[in-house]
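Protein chains in written order, with the numbering used here: chain H, 1 to 311; chain L, 312 to 637. Here is the structure we will look at, set down as structure tokens.
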């Protein structure tokens with residue numbers, strides 16, 4: 001069959017060319033993806049052994065100074081039922097992973113993804129060879145931090161209960177001071193009475209001078225007694241107050257120590273939490289802009305609270 | 312001749328030419344290639360989502376939280392959130408946002424019974440520049456509601472008409488409802504009934520279910536006033552059905568109270584007791600102590616009229632107990 005219509009001349013060649021362009025495009029995309037994902041990058045393996053495989057999984061990222069350099073290739077049990085973890089790493093980073101480098105399981109951010117972090121080895125040490133073992137160090141998690149903070153909280157609790165204890169020095173001292181002020185009030189009343197008596201006596205000086213003298217004597221004796229009484233009560237109260245001040249000073253220094261221990265950790269924890277939330281927000285915001293999700297999201301705006309005609 | 316024709320037909324170009332050498336057809340090949348390209352480029356299309364500045368997003372967040380608090384009846388919290396949303400919108404001179412939040416604050420103050428503050432905020436809406444007619448219409452309607460609450464009927468009517476002149480939209484039925492209430496309060500029952508029927512039609516057309524229930528309740532009230540028992544009862548029942556569907560406890564209690572009053576008016580004492588009891592239970596369980604107190608008073612009245620003084624006393628005792636408590 002021969003085609004005479006000029007539109008169909010060389011149609012087969014055009015179709016083949018069209019198909020070839022598509023196939024080349026797909027192959028190029030696959031090659032590009034392979035390069036992006038490091039399929040053609042030279043790699044090497046190292047491994048370490050842990051008692052429990054909890055938290056590890058195949059494909060888990062391995063990072064060096066926060067930079068992804070490989071992943072967990074396999075997890076397997078050895079003859080002693082310990083977990084052997086084999087890491088597949090990019091060859092070009094081998095120079096930094098030296099004999100004294102350590103691997104540890106850690107989290108990215110407070111609630112981030114679990115990763116294996118490898119420390120950079122000391123200069124001068126030889127690099128770990130393909131198939132060699134890297135030492136594993138157990139990292140400190142949130143539980144350990146909580147355990148560290150727990151005694152500090154306990155100390156603070158003790159101090160508060162000490163201050164609140166009705167038998168403690170602070171409370172007793174306050175009670176003594178209250179009693180002292182009450183007795184001073186009685187003394188003042190006595191002195192007032194005395195002054196009144198004196199007035200009466202002065203008006204009746206001629207008739208009862210000797211009586212007045214006697215009264216004054218006895219009053220002076222009363223005052224002496226009262227002063228002695230006050231002295232006797234003030235000095236133990238002052239001693240107790242001094243002791244209490246000493247205790248309060250001790251308590252303050254313990255509290256200060258406790259705060260100094262825990263304070264540097266708290267902002268870090270808070271910052272990590274905030275970072276993690278910000279990152280999550282960014283991911284959600286980006287997802288919202290991806291088609292077709294974006295087409296289901298309404299443009300947000302201030303909503304009007306509409307008044308009801310019957311209210 | 313026929314042969315020649317047949318020969319010409321043989322050379323007619325066609326996209327469904329028979330395959331050569333047993334390969335796939337050209338049409339099929341086009342389909343395959345087209346599919347490959349579609350697969351390659353799928354996902355590149357589609358509109359991108361609108362992105363808001365963080366300050367606008369923050370204001371909207373406060374506005375939404377306020378609406379949630381208002382829905383739960385926590386007006387104090389709602390007011391705090393709306394004030395914050397207003398402050399943020401003012402800081403970026405977002406006039407639409409400012410006007411919306413001013414109206415919302417006025418609505419909350421009105422719900423709280425603070426009419427002077429509600430009026431103050433509504434007045435501020437009218438001095439906000441560059442706002443849409445629909446927002447101005449909503450503000451005018453809110454002002455009309457405030458006048459109605461203060462029993463200034465002619466001013467209420469004036470502002471409802473202003474609201475309708477500015478913008479009708481899907482809320483037109485609510486405006487007619489308010490006009491109907493004004494006419495009813497002025498004692499113009501026939502006019503009120505005609506207006507309420509117009510409102511009912513508009514609310515049904517615009518699918519405004521809450522306002523539809525308001526129209527039905529208004530018709531029921533007018534019917535009760537004009538001695539049409541059956542009609543009134545039927546409209547109350549229909550309003551009750553919609554309010555139950557909407558889950559609005561306050562309105563459910565109002566419908567039941569209306570039915571109770573209607574039954575009492577026509578000497579159906581047992582029905583009245585049942586309706587008042589239901590209204591009392593709804594209000595108590597919704598935490599509406601004012602509504603519960605009113606229902607208890609009416610219930611005691613119904614018991615007394617039906618000769619059960621003992622129960623009337625019990626209810627009144629219970630009423631005074633919880634009035635002291637709250």
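Backbone N, C-alpha and C fix where the C-beta goes; we use that ideal spot for every residue, glycine too.
When secondary structure is reduced to three states using DSSP, residue 56/H falls in the coil class, being assigned neither helix nor strand. By the neighbour-count definition (other C-beta atoms within 10 Å, threshold 16), residue 296/H is an exposed residue. Judged by DSSP in its simplified three-state form, residue 90/H adopts strand. Across the structure, residue 192/H and residue 228/H are spaced so that their CA atoms are roughly 19 Å apart. Against chain H, the CB of residue 344/L has a partner CB under 8 Å away; the residue lies at that interface.
From the listed residues 468/L, 619/L, 474/L, the smallest Cα separation to residue 503/L is found for 468/L. Taken atom to atom, the span from the alpha-carbon of residue 516/L to that of residue 280/H is near 44 Å. Against residue 451/L, chain H offers no close residue; the least beta-carbon distance is about 11 Å (beta-carbon pairs closer than 9 Å). In terms of Cβ geometry, residue 374/L and residue 303/H form a close pair [threshold 8 Å]. Contact between residue 550/L and residue 520/L is absent: CB atoms are separated by about 11 Å, not below the 8 Å threshold.
Interface with chain L (8 Å Cβ-Cβ cutoff): residue 13/H is excluded. Secondary structure at residue 549/L: helix, using DSSP grouped into helix, strand and coil. Not flagged as an interface residue toward chain L: residue 275/H, since no C-beta distance is shorter than 8 Å. Close CB contacts of residue 393/L within its chain, under the 6 Å cut and outside five residues either way in sequence, are with 377, 412, 415, 416 (chain order). In the structure shown, residue 577/L adopts coil according to DSSP, grouped into three states.
Listed in chain order, the beta strand (DSSP E) runs fully inside the segment 395-430 of chain L amount to none, counting runs of at least 3 residues. With a threshold of 8 Å between beta carbons, residue 485/L makes contact with chain H.
Under DSSP, residue 117/H forms a beta bridge with 63/H, 104/H.
Taking one beta carbon from each stretch, the segment 422-442 of chain L and the segment 467-487 of chain L have fewer than 3 pairs nearer than 8 Å; the two do not touch. Within chain H, 303, 305 have C-beta atoms less than 7 Å from the C-beta of residue 378/L, given in sequence order. A direct Cα-to-Cα measurement between residue 513/L and residue 341/L gives close to 55 Å. Counted as a single uninterrupted DSSP element, the stretch harbouring residue 49/H is not any alpha helix (DSSP H) but the beta strand (DSSP E) occupying residues 43-50. Taking a Cβ-Cβ cut-off of 7 Å, the neighbours of residue 489/L in chain H comprise 309, given in sequence order. Here residue 89/H really is in contact with residue 70/H; their C-beta atoms are around 4 Å apart, less than 8 Å. When DSSP states are grouped into helix, strand and coil, residue 526/L belongs to the helix group. With a 10 Å radius around the Cβ and a threshold of 16 neighbouring Cβ atoms, residue 181/H comes out exposed. Straight through space, the alpha carbons of residue 285/H and residue 505/L are spaced by roughly 51 Å. The beta carbon of residue 400/L lies closer than 7 Å to those of 370, 408, 409, 412 in the same chain, with the five residues before and after it left out.
In terms of beta-carbon proximity, residue 151/H stays away from the interface with chain L, with every pair separated by 8 Å or more. Interface flag for residue 20/H against chain L is unset, since no Cβ pair is found closer than 8 Å. Interface with chain H (8 Å Cβ-Cβ cutoff): residue 532/L is excluded.
Between the alpha carbons of residue 135/H and residue 97/H lies a gap of roughly 11 Å. Of the residues 152/H, 173/H, 38/H, 257/H, the one whose Cα lies closest to the Cα of residue 238/H is 173/H. Taking residue 121/H as reference, the option from 283/H, 94/H, 241/H with the minimal CA-CA separation is 94/H. Excluding sequence positions up to five before and after residue 587/L, its CB lies within less than 6 Å of the CB of 571, 606, 609, 610, 613, all in the same chain and listed in chain order. Counting other Cβ atoms within 10 Å of its Cβ, residue 195/H stays below 16 and is therefore classed as exposed.
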